[in-house]
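Presented below is the structure to which this report refers.
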Amino acid sequence: MQHAPAAELQTTTGMDHRKLLMWLFLGSECLFFGSLIATYLLYRNKTEEIGIGPIPSDLYDIPFTSVSSFVLLMSSVTMVLALAAIQRGDRRGTQAWLLATALLGMSFLAGQAFEFTEFYRQGLSLDTNLFGTTFYVLTGFHGAHVSIGVLILLSLFVMTLRGRLTPANSINVELIGLYWHFVDVVWIVIFTLIYLVQT
Amino acid sequence: MAGATIGERPGTLRDALRDVRDQTAGYSGIWSWITTVDHKRIGIMYGVTAFVFFLAGGIEALVIRLQLATPNGGVVNADQFNQLFTMHGTTMIFLVVMPLSAAFFNLLVPLMIGARDVAFPRLNAFSYWVFLGAGIFMNVSFFTGGNIFQGELGAPGAGWFGYAPLTLNQFSPGHGIDYWAFGLLILGIASMASGFNFIVTIINMRAPGMTFFRMPLFIWMTLVTSFLIIFAMPIITVALFQVLADRLFGANFFNAELGGTPLLWQHMFWLFGHPEVYILILPAMGIVSEVFATFARKPLFGYPFVVFSGVAIGLMSWGVWAHHMYTTGLGSVANSAFGFTTLLIAIPTGIKIFNWIATLWGGSISLKTPLLFAVGFLAMFVIGGLTGVMHSMVPSDYQQQDTYFVVAHLHQVLLGGALFGLFSGVYYWFPKFTGRLLNEKWGQLHFWLMFIGFNVTFQPMMISGMLGMPRRISTYSEGLGWEFWNMLSTVGAFLIAVSVLVFMYNVVISLRSKERAGDDPWDGRTLEWAIPSPPPVYNFAEIPQVKELDDFWHTKYVENEQGQLVRVVAGAAEQAEEAEDDAHHDIHMPSPSYFPIIVASGFPFIAFGFMYDFALLPVGAVVMLVGLYGWALEPATE
Amino acid sequence: MVDLALVVLSLTDWLENPAYVLGVPLVVLGVIGLLFVLAPAEITWSLPPGPAADAARARMDAAWAPTDIAAHEGHPSPSQYIAIGLILGVVTAAEVAVYYVDALEGALLGILMVLSAMKFILVAAWFMHLRFDNRLFSILFTSGVVLAVLLFIVVLSTLGASLA
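Protein chains in written order, with our numbering: chain A, 1 to 199; chain B, 1001 to 1638; chain C, 2001 to 2164.
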């Protein structure tokens, strides 16, 4: 692994194969989350009209969700700092920021688990009404993306211990970074459109 | 690192090639096919598997035709009939035409752009195994979806576009629809993986000098198709998740009682479904573009126009989905708008058709089987396209909606169009990958039987449709005037079946014949004809330098002062190769890997876990995790 | 004893939501891990001392020699990243604040859309390096976003939904 990422040097355009793949994947993910968000928006006012089960304004705890949104946003900062660290050959920094990102991601997930449990206790489950259905499926898929990201971050952290992740393959950190920031921007949209815009 | 090791000795081209041959000499037997990451082997596996599914879907079609041959048919009951047409449609679209196109992408993309393999060889193998698993998974539903011991078949029966709420538990009890939805979800993963792979390959792995506008047209169509796949698939993925959430967990996406809108399914399905139509036809368009140019011995007429109209079709395919939904009450504004965009899409399609005709015009045509199929494609696709334009007119569509006229139209474009194009490609490229030509006499017989059979089957359907015969009815009464036309369609369907048998016989005798095709039997234009048949593992001994469109043709022919083509003296090209032999050469072929099949085998576990027993979920998850970690940590080239 | 019982009681109270059972240990684990990493002691996969361990250490040091890939790739510096992070935090605070101001209710939708678009663009442009990288990446991502927005605006409007 001494020679620099060979694939990068051999491509027609000079772009790394894997980075191009990641951007294509993220482009396609836009349609995935677009479909989920659109479904939520389509059904947003239906639940109140039908009058069965809780509606968003009964349940949402904006201060709490603001904090967890902030946590996820800050995990994006630690993520780029991990990239900056590995790109200047700083092992300690790479490890610390990778772990910090995973940690913030886990805090966000814990917050989501808390929120789901609270909502469920207050009478909202997947089959209660359209709010339950669309809310749990949308935020659940987002949470699944975060979980996968956390798993990869932790794997990368272990790889730095084993010497498998070094500045020579810093592209791995860049790729997970792109994924992580994407998951973050999706949450930026969700937080605004689903939590703050309610009526 | 095997292959030519850096720094140990100056690798000459001969050394490097010998090393790769040594390394791959041991690749034989079933295990080598299971672990292969060679795009040519994967392509062949895609093709053979898709053909097997084609036979399955074809048999379903024959049973349907037998049932409808006479009024009050009693071959199958209504429920079985529903399952047959659902599985026929789903199989032919997702398990036949798409994977056959994928087979051509796999076989040809690296060869046509001058690469040694695709960008992600293991991802490519993964796509195939996921597709195979999903195909088997879906077809197993016949036996496991219902209670087979009481003679009940359990396949999905809600039509290939599975409209909600018909797909919900209330109307489709049993597991059939679960198989359908999970099957399509898993197939979506396979399609997306190969879509990403081919886009990266085409953008990033073109040989030096091969600019975008020196790419063969087939490569362009592959690129457009792959983009359609990666942007359309996520939408159907979400829609399928929603149906499954409703069915398995009591969610309410399509539950009208709580305010759900079943029409949402139609929107999401056709948002995916209309690009899908072009995913099916664009590869065939790419194939016939190559065939026309080769057999007319002329460059493709108006190459940039054909490219741009292909791209335009890709873009416009996003703005026409609601023409499948005119009768759902969208309102006249929406209907008119979508009618207009649908009319517009006929323009780039027409441009292509005129360019193909102009390519043939004045060419020195050799009317071999590949060209016959390509011309058949042209004729049938024009009829299919024009009936499509008829559907774009809202009032006319109100009459035709859900009649056999629509069935005739869609088979006209998918069988008369896509499948004829794909068969043209099979006859054209068969010698490249097997080293043997398909027998010309049997090939001609295959074409004429299929062409006549096709027209005898589907033109009468236009009439039965116009006479008001609705699609998806399992039987009909006498005296409605449909008997004759239905009998004719059934006879035609069996003619097609005979033509497929002829094709299979042709493949067998051609593979057993001793006659070799040679490297360039058709006097081809594109890079794949520059290398031996069948191609060596590394494809190109030396990565070609491309100077113009149809580069290989121009190494064979030059124009003399009168503007006539003259063959270049043989041997000139080889000398150039000798001269460069001192340069350092280093060929790394990707190593075989069994991780793709391990990861792929996790998906059915997950699906069965959701359907039958959650205990299977962790099993699937562990299998996939093990596979993924192994995949991520093993070196790609050893 | 009473105090201890109270503490235990309040603990069980506190554990009522299973999220804590999952979340608290995770957070504790993460903090411990972080402290370990930041501690002055060197942490590597330990090998028994000897030449093998020395060679491994030498390899590790060689692999982690200071480099400057970031500058080579044209990426921003850590301080710029932190500045962007601060802006993001402030904008989020502004969003939440706007939500609570009754006077702004009429304009809530508009203001929130602008603010979240700002955050979206900042993250995409700086953290995802779209500002600095090959333009093709921006084109790919933008086509995904634009396609999703356009398609679903049409779907939602034909189905009669509206944001306001």
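Cβ atoms here follow ideal geometry from the backbone N, Cα and C, with glycine treated the same way.
Residue i versus the options, residue with shortest Cα-Cα distance
i: Thr-166(A); options: Ala-84(A), Phe-191(A) and Leu-73(A); result: Ala-84(A)
i: Phe-33(A); options: Ala-100(A), Met-106(A), Ala-144(A) and Met-79(A); result: Ala-144(A)
i: Met-1380(B); options: Phe-1454(B), Gln-1564(B) and Thr-1036(B); result: Phe-1454(B)
i: Phe-1198(B); options: Ile-86(A), Leu-24(A) and Gln-10(A); result: Leu-24(A)
i: Phe-1540(B); options: Gly-1151(B), Asp-1613(B), Arg-1206(B) and Ala-1497(B); result: Arg-1206(B)
i: Pro-1071(B); options: Thr-1475(B), His-1409(B) and Arg-1041(B); result: Thr-1475(B)
i: Met-1393(B); options: Tyr-1326(B), Leu-1185(B), Gly-1435(B) and Pro-1535(B); result: Tyr-1326(B)
i: Val-1389(B); options: Pro-1431(B), Leu-1378(B), Val-1320(B) and Gly-1329(B); result: Val-1320(B)
i: Phe-1227(B); options: Phe-2141(C), Pro-2076(C) and Thr-2158(C); result: Phe-2141(C)
i: Gly-1443(B); options: Gly-1425(B), Gly-1435(B), Lys-1432(B) and Phe-1433(B); result: Gly-1425(B)
i: Val-1500(B); options: Ser-1032(B), Met-1045(B), Phe-1051(B) and Arg-1041(B); result: Phe-1051(B)
i: Ile-1113(B); options: Ile-1034(B), Ile-1189(B) and Ile-1203(B); result: Ile-1203(B)
i: Ile-1347(B); options: Val-1096(B), Asp-1519(B), Met-1316(B) and Thr-1201(B); result: Met-1316(B)
i: Ile-2032(C); options: Ala-100(A), Tyr-40(A), Arg-121(A) and Ile-86(A); result: Ala-100(A)
Cβ distance (whole Å) where residue i is taken to contact residue j below 8 Å
i: Leu-31(A); j: Pro-1234(B); result: 4 Å
i: Thr-1555(B); j: Pro-1216(B); result: That pair is no contact at about 15 Å.
i: Phe-1120(B); j: His-17(A); result: 7 Å
i: Arg-1472(B); j: Phe-1085(B); result: 6 Å
i: Ala-1158(B); j: Thr-1167(B); result: 5 Å
i: Gly-1286(B); j: Thr-1222(B); result: 6 Å
i: Phe-2152(C); j: Ala-38(A); result: 4 Å
i: Pro-63(A); j: Gln-198(A); result: At roughly 15 Å, the Cβ-Cβ gap does not stay under 8 Å, so Pro-63(A) and Gln-198(A) are not in contact.
i: Leu-1153(B); j: Thr-1237(B); result: Actually they do not touch by this definition, with Cβ atoms about 27 Å apart.
Residue i vs residue j beta-carbon contact at 9 Å
i: Phe-1218(B); j: Leu-1360(B); result: no
i: Leu-1066(B); j: Gly-1073(B); result: yes
i: Thr-1457(B); j: Leu-1437(B); result: no
i: Phe-1420(B); j: Met-1450(B); result: yes
i: Leu-1282(B); j: Phe-1292(B); result: no
i: Leu-1271(B); j: Ala-1334(B); result: no
i: Leu-124(A); j: Gly-53(A); result: yes
i: Leu-2136(C); j: Leu-20(A); result: yes
i: Met-1045(B); j: Trp-1031(B); result: no
i: Gly-1089(B); j: Trp-1160(B); result: yes
DSSP-derived helix/strand/coil call for residue i
i: Glu-1559(B); result: strand
i: Leu-2086(C); result: helix
i: Thr-1012(B); result: coil
i: Pro-1470(B); result: strand
i: Leu-2147(C); result: helix
i: Thr-1167(B); result: coil
i: Gly-149(A); result: helix
i: Leu-1565(B); result: strand
i: Gly-1003(B); result: Any reading at Gly-1003(B) must be qualified, since the residue scores a pLDDT of 40, below 50, and its modelled position is unreliable; the value itself is stated next. Coil.
i: Thr-1328(B); result: helix
i: Thr-1403(B); result: strand
i: Asp-1581(B); result: Reliability of the predicted coordinates at Asp-1581(B) is poor, the pLDDT of 48 falling under 50, and the value obtained from them is presented with this limitation in mind. In this structure, Asp-1581(B) counts as helix in the three-state DSSP scheme.
Interface partners of residue i on chain A, CB under 9 Å
i: Thr-1261(B); result: Leu-42, Tyr-43 and Lys-46
i: Val-2028(C); result: The premise fails here: Val-2028(C) is roughly 10 Å from chain A at the closest Cβ pair, so nothing lies under 9 Å.
Residues that residue i contacts on chain B, provided the C-beta gap is smaller than 8 Å
i: Thr-2158(C); result: His-1267, Ala-1322, Leu-1330, Gly-1331 and Ala-1334
i: Leu-2147(C); result: Phe-1231 and Trp-1318
i: Ile-52(A); result: Leu-1258
Contacts of residue i in chain A (Cβ-Cβ under 7 Å)
i: Ile-2069(C); result: Gln-87, Pro-167 and Ser-170
i: Asn-1252(B); result: Asp-127, Asn-129, Leu-130 and Thr-133
9 Å Cβ cut-off: residues of chain C touching residue i
i: Val-173(A); result: Under the 9 Å cutoff, chain C gives no residues; its nearest Cβ is about 10 Å from Val-173(A).
i: Leu-1264(B); result: Val-2155 and Leu-2159
Contact list for residue i against chain C, beta-carbon separation under 7 Å
i: Leu-196(A); result: Glu-2095, Tyr-2099 and Leu-2112
i: Leu-81(A); result: Pro-2078 and Tyr-2081
Below-9 Å beta-carbon distance, residue i vs any chain E residue
i: Val-1238(B); result: The structure shown has no chain E; the protein chains it does contain are A, B and C.
Within chain C, the residues that residue i reaches when beta carbons sit closer than 8 Å
i: His-181(A); result: Val-2123, Ala-2124, Phe-2127 and Met-2128
i: Val-189(A); result: Ser-2116 and Phe-2120
i: Leu-1271(B); result: Leu-2151 and Val-2155
Contacts that residue i makes with chain B (C-beta to C-beta distance below 7 Å)
i: Phe-32(A); result: Pro-1234, Thr-1237 and Val-1238
Interface partners of residue i on chain B, CB under 9 Å
i: Ser-57(A); result: In chain order: nothing, as chain B lies at least about 17 Å away.
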